[in-house]
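Heads up, the thing below is written out as structure tokens.
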Amino acid sequence: KQWYQRRVAVGTFFFFAESVNLNDGYEVAVTRIFHAPLYNVTPRSRKFSVVKEDAVVDYVIPVGYYKGSCDVLNAIFQELEISRNRGHNGSGVATLVLKKPQFQYGKSYGESSSLKIMDTGVDFLIDNNRNGDSILLKMLGYCIDSRIDKLVINHYTFESGVEAGFMYSNIVTNSMINQQKSRLLAIVPVKSEPGYNYYEFTNPIYNPLSVHSFTDITFMLTDVHGEVMSMDAVHSSYWGNTEMIIYPTIITLHIRKIKS
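For this note's numbering, add 13 to where a residue sits in the sequence shown, where the first one is 1.
In structure tokens form, the structure reads like this:
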């Protein structure tokens, strides 16, 4: 049988219209998964700041997967515009940016884009030693300590990679992981490429079901450090307009009788 799950995260449920009832001796495996790329902007790496004399105002851009450098630059521009129109930033602090920032968007890959703060005496704060806040600005290619009023970047696509994802579910029996009992359903190679990522198991590993009847299934997908993997929203810029695309996670499960 096949069931599809909209999102993989902590406390995620899939409900059935009717209870699924099975006799003894069944097992389940993940056979394929479609998913969005992993977030490369996380709650730990989404902060930037502006400064005027001794006044510093911190900002954050939305978490998610950003395909390239200009997506991040455009998100910074959007946050400055939102706070300027409101008269304060997301934390309720008065903004230092009073004039509309000047955002120039390049037309194609390899061209440069720029974002300039028009207010006199107001600069971006780029400080690699300030509580690790510079991770976001490193994505734009900045690795220096300085205060500048204009960010100029070349367009480039962020590198993709593959990480090990540990998928847990409430319907499988416990197995021993690092000397601890865990309801591990599958280990999934998680890619981070733009758009939908897909993986199909050639030889899926089956795990015995822990229940004979269920009306819902929970899933949790974590990395090797036990932290939850987030992977549903993709941010994309095109001619200066920001778009957020949602890619629901789709999982195919196969349940079969345990072979004697």
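For glycine and all other residues, C-beta sits at the position ideal for the given N, C-alpha and C. Remember, predicted model here, so these are calculated numbers, not experimental data.
Whether residue i touches residue j by CB criterion (8 angstroms)
| i | j | result |
| --- | --- | --- |
| proline 114 | glutamate 94 | yes |
| tyrosine 212 | arginine 196 | no |
| isoleucine 264 | serine 223 | no |
| leucine 35 | serine 205 | no |
| methionine 257 | alanine 246 | yes |
| tyrosine 72 | serine 62 | yes |
| threonine 108 | glycine 100 | yes |
| valine 106 | valine 135 | no |
| phenylalanine 171 | asparagine 87 | no |
| arginine 97 | valine 76 | no |
| valine 201 | isoleucine 46 | yes |
| lysine 151 | methionine 131 | no |
| glutamate 40 | proline 221 | yes |
| asparagine 138 | leucine 164 | The residue you asked about is not asparagine; residue 138 is leucine in the sequence shown. No, the Cβ-Cβ distance between leucine 138 and leucine 164 is not below 8 angstroms. |
| glutamine 117 | serine 104 | no |
| serine 243 | lysine 80 | no |
Reduced DSSP category for residue i - H, G, I as helix; E, B as strand; rest coil
| i | result |
| --- | --- |
| valine 201 | strand |
| aspartate 84 | helix |
| lysine 151 | helix |
| threonine 170 | strand |
| methionine 257 | strand |
| asparagine 53 | coil |
| glutamate 240 | coil |
| proline 217 | coil |
| histidine 225 | coil |
| arginine 160 | strand |
| aspartate 136 | strand |
Opposing strand residues paired with residue i [DSSP bridges]
| i | result |
| --- | --- |
| isoleucine 46 | Tyr212, Ile264 |
| methionine 233 | Tyr181 |
| asparagine 187 | Partner(s): none; asparagine 187 has no beta bridge. |
| proline 207 | DSSP, once it has assigned bridges, lists no residue as partnering proline 207. |
| lysine 272 | Answer by DSSP bridge pairing: none, since lysine 272 is not bridged. |
| leucine 35 | DSSP output for leucine 35 lists no bridge partner at all. |
| serine 249 | Glu256 |
| serine 195 | Ser188 |
Residue i burial status per 10 Å Cβ neighbour count (16 or more: buried)
| i | result |
| --- | --- |
| histidine 238 | exposed |
| isoleucine 218 | exposed |
| isoleucine 89 | buried |
| isoleucine 259 | exposed |
| asparagine 216 | exposed |
| aspartate 229 | exposed |
| histidine 225 | exposed |
| arginine 20 | The pLDDT assigned to arginine 20 is 41, lower than 50, so where the model puts this residue is not dependable; a value taken from the coordinates is nonetheless given after this. Buried, by the Cβ-count rule. |
| glycine 280 | The structure shown has nothing for residue 280, since the chain only spans 14 to 273. |
| asparagine 187 | exposed |
| tyrosine 169 | exposed |
Just to confirm the assignment: which complete alpha helix (DSSP H) runs, minimum length 4, are found wholly within the region 61 to 133?
Qualifying alpha helix (DSSP H) stretches, in chain order: 82 to 99.
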